[in-house]
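Residue numbers (the working numbering): 157 to 684.
Backbone N, C-alpha and C define an ideal beta-carbon position, used for all residues, glycine too.
Keep in mind the model is a prediction, meaning the values are calculated, not measured.
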Amino acid sequence: MGTFGTRQIIQSDFGLQSIAAIDVDIDGDWDIVTADASSDMLILNKNLDGLGDFGPEIIIDPLYDIPIRIISADINGDGYVDVISNSAIDQSVDWYENLEGSGNFGRRKTIAGLTSGPWITDTGDLDGDGLKDIVCAAHSGDKIVWFKNLNNEGLFTSPQIIGYHQESTTFAKMLDIDSDGDLDILSNTNSTLKWFENSNNEGLFEIEHILESDNLGVLAASWEDINNDGLNDLITFSTNYGVAWYENTNGNGTFGTRNEVNGTGISTFYTLVDIDGDGDLDIVVCASVNKIAWFENDGNGNFGTENILVTDLSYVRRISSGDVDNDGDNDIVATDNNKIVWYQNLDGLGTFGSENIIDDINIGADHIVLVDFDDDADLDLLISNWSSQNIYWYRNLDGQGDFSDRVYIGMGSNTFDVDDIDNDGDLDVIAPAFITNRITWFENTGSLGISQNLNDDFIIYPNPSEKNIFIKSRFEIIEVNIWNNLGQLVLSNKNSSKIDISTLNKGLYFVKIIDGIGNVGIKKLIKE
157 MGTFGTRQII QSDFGLQSIA AIDVDIDGDW DIVTADASSD MLILNKNLDG LGDFGPEIII
217 DPLYDIPIRI ISADINGDGY VDVISNSAID QSVDWYENLE GSGNFGRRKT IAGLTSGPWI
277 TDTGDLDGDG LKDIVCAAHS GDKIVWFKNL NNEGLFTSPQ IIGYHQESTT FAKMLDIDSD
337 GDLDILSNTN STLKWFENSN NEGLFEIEHI LESDNLGVLA ASWEDINNDG LNDLITFSTN
397 YGVAWYENTN GNGTFGTRNE VNGTGISTFY TLVDIDGDGD LDIVVCASVN KIAWFENDGN
457 GNFGTENILV TDLSYVRRIS SGDVDNDGDN DIVATDNNKI VWYQNLDGLG TFGSENIIDD
517 INIGADHIVL VDFDDDADLD LLISNWSSQN IYWYRNLDGQ GDFSDRVYIG MGSNTFDVDD
577 IDNDGDLDVI APAFITNRIT WFENTGSLGI SQNLNDDFII YPNPSEKNIF IKSRFEIIEV
637 NIWNNLGQLV LSNKNSSKID ISTLNKGLYF VKIIDGIGNV GIKKLIKE
């Protein structure tokens with residue numbers, strides 16, 4: 157445990173504002189796209205060998221006024237991941253086409269202009285035409301808007317208002333809240349939690365539903381089935397009351413009253429994960445300045461008393477969860493003012509071991525993500541710090557939780573999103589810039605798309621898929637595990653080549669396949 161390699165610098169001397177990890181050249185490894193606010197550039201560093209050795213910077217756009225966020229999606233339906241961004245000065249949303257999936261990007265194409273403060277939050281088909289649209293929460297402009305994708309060629313309408321008077325909105329999520337087959341919008345203001353109903357799958361949001369009007373301080377929300385009734389419930393995190401959930405009573409957009417999880421009121425962050433292996437989602441929180449605790453879900457949304465994991469940290473900043481040591485259960489990674497550590501789930505029931513130090517230098521990580529960054533079937537760690545503008549990653553060297561030394565990626569805050577904007581089977585990048593108020597996207601035009609094989613012994617089809625996937629293999633399938641892009645194990649199956657993925661949320665997943673003679677393959681999967 158705790159064996160570290162030397163630091164590897166990818167890029168330096170620039171003021172990174174946002175970063176996205178994307179396979180721009182469809183070679184099976186993660187490349188880095190960054191938004192440099194100090195030099196007004198969008199920059200690409202290609203992963204040369206899949207092991208984290210990066211090439212020199214490639215300028216995507218040398219004259220982009222203070223880009224503040226990038227996300228990815230396939231905007232024009234050609235199978236390649238493009239890049240979307242927005243600028244803090246020009247107040248517009250733009251995209252860049254990934255030419256032939258090579259990671260060479262075309263000229264900037266402006267989607268639309270905004271009035272103030274755009275933050276890209278989600279992508280999806282809002283009007284039922286099969287094309288990926290964009291929704292944006294304009295924080296300083298106090299409104300939510302969406303951009304209709306007109307032709308899969310990157311042509312979007314001007315911003316269409318979903319809701320005015322959205323004071324200090326912090327998120328806007330596309331969810332089918334009323335189970336009518338189209339995507340509604342969940343959002344917040346300073347004082348309310350609300351959702352906007354999509355009328356007849358046409359992108360018309362004329363009806364606003366208030367879930368709660370005294371819901372002060374909501375910072376984040378999740379959409380998961382807390383009580384195992386087959387309906388996704390709404391989970392919120394607030395500076396006012398901590399973690400709470402609202403029961404989805406009938407699947408038609410009717411919710412019960414707020415159920416606060418006792419003991420989470422002074423929490424600073426939360427995550428949902430099955431800690432004890434019983435098939436339901438438990439809650440893990442940064443319970444105070446020095447404590448991490450978890451609360452067991454009985455399967456019906458009733459949470460037990462506090463289970464203390466640790467009490468000797470120095471101002472817990474963030475937590476994340478995933479199977480760090482590949483033993484089939486979920487472990488916890490945490491960061492405080494002095495170190496980054498992980499705690500092994502010893503028995504799969506929520507009994508945790510002592511801390512394993514990943515880094516003992518004061519980094520002050522404000523955002524941490526567990527993800528397989530180097531395609532070796534284990535979870536690596538990506539972190540960022542907003543105030544210092546530094547981004548690092550740590551390689552999981554052996555799949556057992558022995559991490560490399562800190563690898564410096566660059567300067568900036570880690571915020572990004574990915575989606576297949578143009579329905580061509582791969583992920584594009586979308587990015588907003590707060591001061592210029594622009595949103596841009598970059599197209600990925602790779603020849604293999606998202607279904608590129610990392611091991612030719614296995615083929616997944618159909619991909620993308622909505623309900624079932626099938627695995628073609630020369631030998632019997634022994635085990636299939638599916639992770640989301642946060643590194644969380646979300647589905648596991650044994651001795652079957654047919655996998656039901658209908659319960660998964662739409663998005664990008666990683667599928668690990670093991671056959672009867674020990675062959676292992678990693679595949680990317682898009683759930684529609």
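Inter-residue spacing [alpha-carbon to alpha-carbon] between residue i and residue j
i: Leu502; j: Gly509; result: 6 angstroms
i: Asn512; j: Ser560; result: 13 angstroms
i: Arg705; j: Thr467; result: This structure does not reach residue 705, given that the chain is present from 157 up to 684, and the question cannot be answered.
i: Pro620; j: Ile382; result: 27 angstroms
i: Trp379; j: Ala176; result: 23 angstroms
i: Asn357; j: Gln556; result: 46 angstroms
i: Glu256; j: Tyr236; result: 7 angstroms
i: Leu316; j: Gly280; result: It is worth fixing the name first, because residue 316 is Gln in this sequence and not Leu. Approximately 15 angstroms between the Cα atoms of the pair.
i: Ala632; j: Tyr426; result: For clarity, residue 632 is Glu in the given sequence; the question names Ala instead. Distance between the alpha carbons of Glu632 and Tyr426: 40 angstroms.
i: Ile422; j: Thr410; result: 28 angstroms
i: Asp434; j: Ser476; result: 19 angstroms
i: Ile201; j: Ile240; result: The sequence given here places Asn at residue 201; Ile does not occur at that position. Looking at the two C-alpha atoms, the distance is approximately 17 angstroms.
i: Thr190; j: Asn203; result: 13 angstroms
i: Gly504; j: Gly484; result: 8 angstroms
i: Ala443; j: Trp498; result: 17 angstroms
i: Asn649; j: Glu635; result: 6 angstroms
i: Asp181; j: Gly206; result: 12 angstroms
i: Gly233; j: Lys662; result: 17 angstroms
i: Leu198; j: Gly672; result: 46 angstroms
i: Asp536; j: Tyr550; result: 6 angstroms
i: Phe626; j: Leu664; result: 17 angstroms
i: Ala229; j: Lys288; result: 8 angstroms
i: Ile539; j: Val489; result: 11 angstroms
i: Asn570; j: Leu360; result: The predicted model places Asn570 with a pLDDT of 40, which falls under 50 and marks its position as unreliable; any figure quoted below should be read in that light. Taking the straight line from one Cα to the other gives about 33 angstroms.
i: Tyr397; j: Pro618; result: 43 angstroms
Identity of the residue in the options nearest residue i by Cα
i: Thr731; options: Gly386, Ala376, Gly435; result: What the structure shows of the chain is the stretch from 157 to 684, and residue 731 is not part of that stretch, so it cannot be assessed.
i: Asn307; options: Asp283, Gly206, Ser378, Val301; result: Asp283
i: Ala449; options: Thr420, Gly455, Ser470, Gly457; result: Thr420
i: Ser629; options: Ile615, Trp639, Ile638; result: Ile615
i: Gly373; options: Glu364, Glu353, Val399, His365; result: Val399
i: Asp336; options: Tyr252, Gly672, Asn408; result: Asn408
i: Asp438; options: Trp351, Asn384, Pro212, Val676; result: Asn384
i: Asp487; options: Ser540, Lys447, Asp430; result: Asp430
i: Leu367; options: Asn354, Leu339, Asn404, Leu360; result: Asn404
i: Ser324; options: Asp332, Asn346, Phe303; result: Asn346
i: Asn463; options: Thr424, Phe451, Asn354, Glu622; result: Phe451
i: Gly455; options: Lys447, Ile517, Asp389; result: Asp389
i: Asn640; options: Ser652, Ile678, Thr326; result: Ile678
i: Thr326; options: Ser394, Asp338, Gly286; result: Ser394
Chain D contact for residue i (CB, 8 angstroms cutoff)
i: Asn346; result: Among the chains in the structure shown there is no chain D, since it carries only a single protein chain.
Whole-number beta carbon distance between residue j and residue i, since they are thought to touch under 8 angstroms
i: Gly457; j: Asn415; result: 7 angstroms
i: Gly506; j: Asp432; result: 5 angstroms
i: Lys683; j: Ile657; result: 6 angstroms
i: Ala293; j: Ser343; result: 7 angstroms
i: Ser369; j: Thr392; result: The pair is not a contact, with the Cβ atoms about 14 angstroms apart (cut-off 8 angstroms).
i: Asp528; j: Phe666; result: 6 angstroms
i: Ile178; j: Asp187; result: 6 angstroms
i: Ile300; j: Ile341; result: 7 angstroms
i: Val563; j: Tyr548; result: 6 angstroms
i: Leu465; j: Asp492; result: Contact doesn't hold; Cβ gap of about 13 angstroms is too wide.
i: Asp250; j: Ala328; result: With a Cβ gap of about 19 angstroms, Asp250 and Ala328 do not count as contacting.
Under the three-state DSSP convention, the category residue i falls into
i: Arg414; result: strand
i: Trp379; result: strand
i: Leu331; result: strand
i: Trp302; result: strand
i: Tyr397; result: coil
i: Trp186; result: coil
i: Thr279; result: strand
i: Leu198; result: strand
i: Thr420; result: coil
i: Asp289; result: strand
i: Val180; result: coil
i: Phe312; result: strand
i: Asp573; result: With a pLDDT of only 49 at Asp573, under the threshold of 50, the placement of this residue in the model should not be trusted; the figure read from the coordinates follows. Residue state, collapsed to three classes: strand.
i: Asp558; result: coil
i: Asp238; result: strand
i: Asp436; result: coil
i: Val445; result: coil
i: Asp131; result: One cannot answer for residue 131 here, as it falls past the ends of the chain, which runs 157 to 684.
Considering only residues of the region 462-532, which uninterrupted beta strand (DSSP E) runs meet the minimum length of 3 residues and lie entirely inside it, listed in chain order?
474-478, 487-491, 496-501, 508-515, 523-527
query: Going along the chain, which unbroken runs of the beta strand (DSSP E) with 3 or more residues stay wholly within the region 609-653?
result: 614-617, 624-629, 633-640, 645-650
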